[in-house]
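Residue numbers (this note's numbering): 1 to 394.
All residues carry an ideal CB built from backbone N, CA and C; glycine is no exception.
Here's the structure, in structure tokens; my notes come after.
The following block contains the structure:
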């Protein structure tokens with residue numbers, strides 16, 4: 001166990017067992033505001049730990065620790081425009097699968113090297129050392145917001161990710177699909193994939209008018225490790241990505257007569273295969289959509305993603321269904337996930353049932369059961385785990 005992991009785990013438990021919904025607690029820095037009276041500063045931190053008990057095929061056993069740091073500053077002009085900086089960094093001890101690159105998969109081989117998908121990162125290579133810690137800069141952008149549009153520049157989210165709905169979940173790290181952590185090591189369901197998330201680029205986003213908002217973004221080059229996927233290198237054969245375009249639209253509106261809130265999003269991304277390995281790849285693309293209905297204490301979310309991994313006819317498809325019921329300090333949830341990769345001829349089905357609650361002002365604690373079944377060309381594999389997720393919000 002590394003010193004980094006020991007430190008994170010010690011910090012979580014020293015604050016008491018805690019864990020799960022997605023809302024974070026933040027505050028303005030009063031000392032800085034005195035020196036910059038027209039500027040607002042905000043700092044937030046989410047510190048989470050997940051422990052799994054039961055069957056696992058992950059490169060390492062739980063626990064996994066994850067620290068998410070967010071900071072921003074915003075100033076105002078005489079015309080009412082806003083400009084500032086947004087930053088987000090993640091420190092983690094591992095995620096059970098290193099993105100979607102993990103052992104136990106069978107895929108194509110070219111020139112003696114496993115082929116890695118340009119969208120998913122899936123390959124037959126066992127992936128990176130699962131026990132090593134890493135730091136990822138997910139966002140470091142400057143922005144200008146006028147009356148009609150918001151302009152961003154720097155590493156950050158694509159338009160499709162910006163417009164995606166963010167409904168209530170029982171846990172922050174563990175999900176039936178699109179989870180940051182996969183303690184069982186078999187889940188390939190992810191409707192939040194992106195071709196250029198975390199890469200330097202430009203984006204423009206309109207203001208929301210009658211519930212509707214549109215966005216567009218462009219990144220000259222994509223970072224193959226922006227989502228912790230297996231990096232291009234001697235271990236795998238993977239093309240570089242350039243000219244990543246993303247277009248998206250979202251709708252968010254509460255019906256006054258019933259109080260029901262509807263949210264929906266549709267996003268598209270396209271990139272060009274580039275580099276020494278580009279000749280064997282097609283240009284990858286993805287389409288993602290989601291629909292959210294909030295009525296009283298019940299939130300229902302349906303999401304889906306389809307796209308091309310860029311190798312021959314290797315497509316990827318994923319679906320997710322999430323039900324969350326909030327009652328007082330408690331959140332109860334049922335999640336279903338499905339993912340299929342033609343590149344590695346594998347699909348997974350996942351079910352998560354859990355409950356979490358607030359502990360004081362900054363703590364959360366949750367317990368759940370997750371079952372994942374993987375169907376591959378070699379043999380079927382199963383994982384059934386009892387999960388305990390804890391967290392602190394600052």
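Residue environment for residue 298: exposed (fewer than 16 other C-beta atoms within 10 angstroms of its C-beta). The C-beta of residue 181 has 16 or more other C-beta atoms within 10 Å across all chains shown, which makes the residue buried. Its chain contains 190, 191, 192 as the residues whose beta carbon lies nearer than 6 Å to that of residue 178, once the 5 sequence neighbours on both sides are disregarded; these appear in chain order. Spatial neighbours of residue 124 in its own chain (CB-CB distance under 6 Å, excluding positions within 5 residues in sequence) are listed in chain order as 105, 106, 107, 114. Beta-carbon to beta-carbon, residue 241 and residue 273 are separated by about 7 Å, close enough to satisfy the 8 Å threshold. Here residue 162 carries a helix assignment [DSSP, helix/strand/coil]. C-alpha of residue 263 to C-alpha of residue 286: approximately 20 Å in a straight line.
Taking 8 Å as the upper bound for CB-CB distance, residue 58 and residue 96 are in contact here, some 4 Å apart. Two segments are said to touch when three or more pairs of C-beta atoms, one from each, lie closer than 8 Å; by this definition the region 152–168 does not touch the region 68–84. In the three-state reduction of the DSSP assignment, residue 355 falls in the strand class, which pools E and B. When only Cα atoms are considered, residue 254 and residue 346 end up about 40 Å apart. Contact between the region 310–326 and the region 336–352 is present: 3 or more CB-CB pairs across the two stretches fall below 8 Å. Take residue 211, set aside five residues on each side of it, and the residues of its chain with a beta-carbon closer than 6 Å to its own are 251, 252, 253, in chain order.
With a cutoff of 7 Å on beta-carbon distance, residue 291 and residue 305 are scored as not near each other.
In the same chain as residue 136, and ignoring 5 residues on each side of it, the C-beta atoms closer than 6 Å to its own belong to 90, in chain order.
Residue 278 carries a helical assignment under DSSP once its states are collapsed to helix, strand and coil. For residue 199, the closest alpha carbon among the candidates 296, 278, 163, 159 is that of 159. Within a 10 Å sphere around the beta-carbon of residue 375 sit fewer than 16 other beta-carbons, which makes this residue exposed. Only residues of its own chain outside the window of five on either side were considered, and among them 183, 184, 185, 383, 385 have a CB closer than 7 Å to the CB of residue 56, listed in chain order. Annotation: the continuous beta strand (DSSP E) that includes residue 64 extends over 64–76. Collapsing the DSSP output to three states places residue 260 in coil. For residue 365, the enclosing beta strand (DSSP E) has its first and last residue at 363–375. Looking at the backbone, the Cα of residue 148 and that of residue 280 are separated by about 43 Å. By the Cβ neighbour-count rule, residue 112 is exposed, with fewer than 16 other Cβ atoms within 10 Å of its own. When the Cα atoms are used, residue 152 and residue 110 turn out to be separated by approximately 39 Å.
In its chain, beyond the 5 residues on either side, 249, 289 have a beta carbon closer than 6 Å to the beta carbon of residue 266.
In the three-state DSSP reduction, residue 103 falls in the coil class, being neither helix nor strand.
By the CB criterion at 7 Å, residue 337 and residue 354 fall outside the cutoff. With fewer than 16 other Cβ atoms inside 10 Å of its own Cβ, residue 361 counts as exposed. Under DSSP, residue 139 takes part in a beta bridge, and its partners are 88. Residue nearest to residue 261 within the set 245, 282, 284, 293 is 293 (criterion: CA-CA distance). Cβ neighbours of residue 156 within its own chain (closer than 6 Å, five residues either side excluded): 139, 141. Where residue 213 is concerned, the enclosing beta strand (DSSP E) starts and stops at 212–221. Going by DSSP, residue 317 is part of the beta strand (DSSP E) stretching over 315–327. Spanning the alpha carbons of residue 65 and residue 257 requires a straight line of approximately 44 Å. With a threshold of 16 other beta carbon atoms within 10 Å, residue 380 falls short and is exposed.
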